[in-house]
Amino acid sequence: MSTGILLQIAQTLLAILLAPLLMGWVNQCRAWLQGRSAPPITQPYRTLRKLFHKDAVIASNASPLFRFAPYMIFACMALAAGIVPSVVNDLPFSLEADVIVLVGILALARVFLALAAMDIGTSFGTLGARREMLVSFLAEPALLMVFFTASLISQSTELPVIVETLAHSEFAIYPSLAFAAVAFWMISVAENARIPVDNPTTHLELTMIHEAMILEYSARHLALIEWAVALKLFTYSALGIALFLPWGIAGQGDIAAMPLALLAMVVKLALGGAALSLLEAISAKVRLFRAPEFLGTAFLLAVLGMLIHFLLEV
Amino acid sequence: MTLTYHLQIVNLLAAVLLLISFSMLSQRRITGLITLFALQGAALAMSTLLVAWSTHQHHLYYSAAITLVLKVIAMPWYFFRIVKKLDVDRDVEPMINIPTTMLIGIVLVIFSFNLALPISQLSGTVMRSTLGIAMATVLLAFLMMITRKKAIPQVIGFLAMENGLFFAATSTTYGMPLVVELGVALDVMVAVFVLSIFFFQIRETFDSLDLKHMEKLKER
């Protein structure tokens, strides 16, 4: 048990430390694809260091919630990153918390972010919070549907069991999982504020969603939120890999398989990040009022995946 | 799961067919619709080919070839030409807005899956479970015909419906006899030609392909 806990801590720390690197890689790929000279891959670390060294400026009418929220959001994201099996499969966190708890933890972080955005009372914060809620209340049921499709195949909502079923059983093509994978891609694009739904680099009032919410934050608070955003991207990527491409993950106690699992994870993350930046480079941002349609399509695909599971795979 | 790999791929293609039907429902532009129709034909031809290969039904090779030539190459090319000639590739809002149409589509899918379940038990083919998807494809194409205002999307809906019927025939009885299939292919082709003449006539009379103008023909 104690090795399990040690491994759990190691994996969570690894996720926390690697998350900005993934962000840097995605930014670098995107810059290449857009024909700009790319920032170094360690740029997110430098930004974080710079922000941690600055003095925080906080609005005079901010409540304690405003100071507390960044720590809460970061903690939630770190916990979520710990639950998703990335390198080792049967770790204590993921045995304790199933996918529904994971969705709940992500929702908790979102609620705190939205509350903190409305706390100061500027119009931008409120606008951002409302838009975020619009996007996320549509994305959350779709995400649950994706999880249910995977759960129907493996007869369990626990991530280790799902991963185990898909990684180590006889190879079979699951049409339902193909639908769920497309839906999951759309959801993670929306949840991570990437291009068809939101643009992570914009500060244009008409279009921004996520950036509008964190405009009032500075210094260490901003650094924690940026770090949490990177962790969220990492968590969603690891989740996608665990659900749809789980081959190569190591079981608990299988120390010999771990270096290979780590290598597989890094390669898969690198490919996933490159694919994300490619799709971002070729697609245009949709209007905010088209976002419900985008997420409605994701929900539809997830539901279709479930239906097809009942028709073709039972 | 005891199915062999090529039958699993047929199942996957059936799922893709359903997915394309839904994308057709949500597609606003006419050229996009034509591309999707060509893709649907390609998926259909490929699944027919796989079934032919795995069950050694030789006439299915001919069906696959007819589908490929007619529905993937000839008709889309012809439609692209008409669209270019008539210059009608603009955003069209359907009668019911698209998210609502999609929800109705899901209800239709559930309905047809339920309906197909007892029927497919009676059939003895290896891919009988895809009958539900074939029926859903037919119903979704029908829904598209109902909700669109312009003439070309309606005709594409009609052709997509034919695709669904063809898939249903392949999945339950390994396809119709070759004579019937040739007859249907010819019928569909003639229908497309006749309808395309109608397009030009409608456009000449009303200066638009929007079929709501046809209501003016009513006597008051």
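Going down the list, the sequences are from chains A and B. Position 216 of the first sequence, counting from 1, maps to 216 under my numbering, and the rest follow consecutively. For my numbering, count along the second sequence from 1 and bump the result up by 1000. No residue lacks a Cβ here, since even glycine has one placed at the ideal position from N, Cα and C. Note that this is a predicted model, so its numbers are computed, not measured.
(message) On the CB-based measure, 16 or more other CB atoms within 10 Å of its CB, does B/Thr1130 come out buried or exposed?
(response) buried
(message) Rounded to the nearest angstrom, what separates A/Val101 and A/Leu22 at their Cα positions?
(response) 25 angstroms
(message) Quick check: what's the CA-CA separation for A/Ala180 versus B/Gln1121?
(response) 27 angstroms
(message) Quick check on the DSSP output: the alpha helix (DSSP H) that includes A/Ala256 runs from which residue to which?
(response) In this chain, A/Ala256 is not harboured by any alpha helix (DSSP H), its DSSP state being neither H nor E.
(request) Look at the alpha carbon of A/Ala228 and the alpha carbon of B/Asn1163, and state the distance between them as a whole number of angstroms. (result) 49 angstroms
(message) Cβ closer than 7 angstroms: which chain B residues qualify as neighbours of A/Pro175?
(response) Asn1011, Leu1012 and Ala1015
(request) State the Cα-Cα distance for the pair B/Met1001 and A/Ala172, rounded to the nearest angstrom. (result) The predicted position of B/Met1001 is uncertain, since its pLDDT is 43 and thus under 50; a value taken from the coordinates is nonetheless stated next. Roughly 8 angstroms between the two C-alpha positions.
(message) By DSSP's criteria, B/Asp1210 is part of a beta bridge. Which residues make up the other side?
(response) B/Lys1150
(message) To be precise: take each residue of the segment 174 to 195 of chain A, compare its Cβ to all Cβ atoms of chain B, and keep it if any distance is under 9 angstroms. Which residues remain?
(response) Tyr174, Pro175, Ser176, Ala178, Phe179 and Val182
(request) Assign A/Phe66 to one of two classes, buried (16 or more other C-beta atoms within 10 Å of its C-beta) or exposed (fewer than that). (result) buried
(message) One question on the structure: do A/Phe148 and A/Glu205 come within less than 8 angstroms of each other, judged by their Cβ atoms?
(response) no
(request) Using three-state DSSP, classify A/Val330 as helix, strand or coil. (result) Residue numbering for chain A in the displayed model covers 1 to 314; residue 330 of chain A lies beyond these limits and cannot be assessed.
(request) Evaluate contact between the segment 225 to 244 of chain A and the segment 80 to 88 of chain A, counting only Cβ atoms and requiring at least three cross-stretch pairs below 8 angstroms. (result) yes
(message) Looking at the strands, I want to know which residues DSSP matches up with B/Ala1015.
(response) According to DSSP, B/Ala1015 bridges with nothing at all.
(message) If we define contact as Cβ-Cβ less than 8 angstroms, is A/Glu164 a contact residue for chain B?
(response) no
(message) Counting only Cβ pairs nearer than 8 angstroms, list the residues of chain A close to B/Met1102.
(response) Gly296, Thr297 and Leu300
(request) Return the Cβ separation of A/Lys285 and A/Pro196 in integer angstroms, given the expectation that the two are a contact with Cβ distance under 8 angstroms. (result) 6 angstroms
(request) Could you tell me whether the segment 1178 to 1194 of chain B touches the segment 1058 to 1076 of chain B, where touching means 3 or more Cβ pairs closer than 8 angstroms? (result) yes
(request) Check whether the Cβ atoms of A/Ala275 and A/Val87 sit closer than 8 angstroms, and answer yes or no. (result) no
(request) Please check if any C-beta of chain A sits within less than 8 angstroms of the C-beta of B/Pro1099. (result) yes
(message) 8 angstroms is my cut-off, CB to CB: does B/Val1138 come that close to chain A?
(response) no
(request) Name, please, each residue of chain C whose Cβ falls closer than 8 angstroms to the Cβ of B/Leu1018. (result) Among the chains of the structure shown, chain C does not appear; the protein chains present are A and B.
(message) DSSP three-state label for A/Ala250, please.
(response) strand
(request) Examine chain A for any beta-carbon lying closer than 8 angstroms to the beta-carbon of B/Val1069, and answer yes or no. (result) no
(request) Just the chain B side, please: which residues come within less than 7 angstroms of A/Glu293 by C-beta, in chain order? (result) Simply Ile1098 and Pro1099.
(message) Once the 5 residues before and after A/Leu239 are set aside, which same chain residues still bring their CB inside 6 angstroms of it?
(response) So the qualifying residues of the chain are Val84.
(request) Compare the C-beta of B/Gly1132 with all C-beta atoms of chain A and state if any pair is closer than 8 angstroms. (result) So, interface residue.
(request) Anything in chain B within Cβ reach of A/Leu134, meaning under 9 angstroms, just list it in chain order. (result) Simply none; closest approach about 14 angstroms.
(request) Express the C-alpha separation of A/Ile73 and A/Ala183 in angstroms, rounding to a whole number. (result) 25 angstroms
(request) Could you tell me whether the Cβ of A/Leu144 comes closer than 8 angstroms to any Cβ of chain B? (result) no
(request) Within its chain, find whatever has a CB closer than 7 angstroms to the CB of A/Ala105; leave out the 5 residues flanking it on each side and keep chain order. (result) Position check: residue 105 of chain A holds Ile in this sequence, whereas Ala was assumed. Around A/Ile105, the same chain offers Cys76, Leu79 and Ala80 as residues with beta carbons nearer than 7 angstroms, after the five sequence neighbours per side are excluded.
(request) Compare the C-alpha of A/Arg220 against each of A/Arg46, A/Thr12, A/Ser2 and A/Leu51 and name the closest. (result) Here the closest residue by C-alpha is A/Leu51.
(request) Enumerate in chain order the residues of its own chain whose CB-to-CB distance from A/Leu108 is below 7 angstroms, with the five nearest sequence positions on each side excluded. (result) Cys76
(request) Can you check DSSP and say which residues form a bridge with A/Val88? (result) A/Ala250
(request) Examine chain B for any beta-carbon lying closer than 8 angstroms to the beta-carbon of A/Leu312, and answer yes or no. (result) yes
(message) With the cut-off set at 8 angstroms, would you say B/Gly1157 and B/Ala1141 are in Cβ contact?
(response) yes
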